[in-house]
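Sequential numbering from 1 applies to the sequence shown in full-length UniProt numbering.
All C-beta atoms in this analysis are idealised placements derived from N, C-alpha and C, irrespective of residue type, glycine included.
Computed from a predicted model, the values in this text were never measured in an experiment.
This report refers to the structure that appears directly beneath it.
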Amino acid sequence: MAVFTAQWFQAFLPKPLAVNHSTRLRSVAGAFIGIGLTALLCHLWSLHSHAAVWLMAPIGASAVLVFAVPSSPLAQPWPVIGGNTLSALCGIVCVHLIPDPVLAAAAGVALAIGVMFYARCLHPPGGAAALLAVLTQADWSWALFPAFTNSTLLVLAGIAYNNLTRHSYPHIAIATTPQTTGLSRFRDSDIDAVMARFNEVIDISRDDLRAILQLTELQAYRRQMGEMLCKDIMTENPVSVVFATELNEAWALMKKHDIKALPVLDPQRRVLGMVTLADFMRHSGADRFEDIGVKLKALVKRTDSPYSDKPEVVGQIMQTGIKTASETDHVVELSPLFSENDLRHVPVVDATRRLVGIITQSDLMRALYHQAA
């Protein structure tokens with residue numbers, strides 16, 4: 001009971017916000033600009049239309065969401081516009097149907113929450129918009145101006161400002177890489193199942209939550225593996241060939257160095273593809289184990305005639321679109337490259353995309369074993 005009580009009291013303490021000072025200043029400036037433009041345009045329109053109210057107070061709360069937490073599902077354009085407008089209509093309906101102001105206020109906010117849930121536009125300031133409509137005895141036009149107009153102008157300002165300051169709005173989920181995706185052992189259905197257990201609104205989208213979990217998992221692997229990079233475990237200056245290398249020469253290199261793959265390079269040592277033992281087997285046409293030796297000899301034998309009905313150089317049998325790793329990549333990022341793409345060898349390139357090494361599955365497993373030991 002004491003532990004529960006201590007935790008209960010700790011829940012009242014404010015938690016630190018994981019944002020730097022520049023992000024906080026960005027939010028402050030955004031709210032100033034967004035509310036300023038909205039107020040200016042609506043005030044000018046009110047002078048023309050003789051509207052009594054040109055700016056509603058709940059739009060200030062909307063600005064907090066749009067500019068301070070633009071990634072929140074509650075801050076997206078439809079929740080802002082739909083939530084404020086539909087909630088204003090709910091308050092106006094209660095004004096006309098319920099004479100008692102206390103009951104009308106309670107019913108207006110409750111109805112607004114229900115409508116926002118079903119319209120998929122839950123927006124906390126919407127409750128304030130409904131309450132304000134009841135308190136001011138607003139008529140039907142109030143939902144259009146200022147509620148809808150204020151919300152729309154604020155959203156337009158949010159789109160312009162957030163994107164100019166490199167914050168996607170409407171929000172696009174955090175970008176992940178194949179390396180982070182490949183490390184994950186969970187699926188979207190797993191996230192949905194866990195979130196369904198809470199049975200309450202969680203102020204983060206499923207896509208963002210998935211990205212955070214993937215990046216957290218990658219960070220944990222990095223911490224456990226230390227700072228081991230690809231260049232630390234690769235075989236430097238691997239044996240390689242060019243597009244026009246004859247098959248008999250490439251086959252001889254593989255036998256001489258006891259290797260099962262050769263990177264195929266262009267004149268600048270950039271990776272064009274990879275030729276492997278499996279490629280030789282596949283193009284030999286052997287359909288029985290007994291035929292392999294004979295068919296391989298026929299494949300790699302040089303054709304003296306200028307005309308040939310079989311491949312003659314590695315460029316004709318190599319695999320293209322080869323996945324590569326950077327020499328500065330963390331070793332952890334290799335795991336999904338091997339597992340998801342069914343690779344046995346991964347070429348390693350430098351900052352100029354030139355080949356500097358190669359890593360095999362054995363190299364990776366050896367490194368993981370020694371690190372764990």
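Classification of residue i by the beta-carbon crowding that lies within 10 angstroms, buried from 16 upward
i: SER141; result: exposed
i: GLU227; result: exposed
i: ASP188; result: exposed
i: PHE117; result: exposed
i: ASP309; result: exposed
i: GLY82; result: buried
i: ASP279; result: buried
Selection from the options that minimises the alpha carbon distance to residue i
i: TRP78; options: ASP258, PHE148, LEU111; result: PHE148
i: THR352; options: THR324, ILE81, ALA244; result: THR324
i: LEU299; options: SER308, SER284, PRO306, SER305; result: SER284
i: GLY357; options: ARG270, LEU41, GLY321; result: ARG270
i: SER151; options: SER168, PRO58, ASN162, LEU164; result: PRO58
i: VAL53; options: MET365, LEU97, GLN137; result: GLN137
i: GLY315; options: LEU247, LYS256, ASP192; result: LEU247
i: ILE259; options: ARG344, ALA173, SER335; result: ARG344
For residue i, the three-state DSSP class (helix, strand or coil)
i: PRO58; result: helix
i: MET228; result: coil
i: ALA261; result: strand
i: ILE322; result: coil
i: PRO77; result: helix
i: MET365; result: helix
i: PRO347; result: strand
i: VAL294; result: helix
i: VAL115; result: helix
i: GLU217; result: helix
i: THR165; result: coil
i: MET195; result: helix
i: VAL69; result: coil
Distance between residue j and residue i (C-alpha atoms, nearest Å)
i: ILE212; j: ASP190; result: 15 Å
i: ASP266; j: ILE204; result: 47 Å
i: MET1; j: LEU74; result: Low confidence applies here, because MET1 scores a pLDDT of 47, under 50, leaving its location unreliable; read the following figure in that light. So the alpha carbons of these two residues sit roughly 36 Å apart.
i: THR328; j: MET274; result: 21 Å
i: PRO125; j: SER362; result: 58 Å
i: ALA220; j: GLN214; result: 10 Å
i: MET195; j: ARG210; result: 11 Å
i: VAL332; j: PHE243; result: 31 Å
i: VAL241; j: GLU217; result: 38 Å
i: ALA39; j: LEU156; result: 13 Å
i: LYS295; j: ALA252; result: 16 Å
i: LEU17; j: ILE92; result: 38 Å
i: GLY114; j: GLN319; result: 58 Å
i: ILE322; j: PRO238; result: 16 Å
i: PRO311; j: SER305; result: 13 Å
i: ASN199; j: THR5; result: 24 Å
| At least three beta-carbon pairs within less than 8 Å, the region 93-102 to the region 224-238 | Touching, no.
| task | Answer yes if the region 64-71 comes into contact with the region 19-34, meaning at least three C-beta pairs across the two stretches below 8 Å, and no otherwise. | result | Contact check between the region 19-34 and the region 64-71: three or more CB pairs, one atom from each, fall below 8 Å, which counts as touching.
| said: Measuring CB atoms only, is the region 80-89 touching the region 118-131, in the sense that at least three cross pairs come out at less than 8 Å? | reply: These segments touch.
| Is the number of C-beta pairs between the region 35-54 and the region 8-16 that are closer than 8 Å three or more? | As far as the Cβ criterion goes, the region 35-54 does not touch the region 8-16, which means the pair count is below three.
| said: Taking contact to mean 3 or more Cβ pairs, one atom from each stretch, closer than 8 Å, check whether the region 343-351 and the region 299-308 are in contact. | reply: No: fewer than three Cβ pairs fall under 8 Å.
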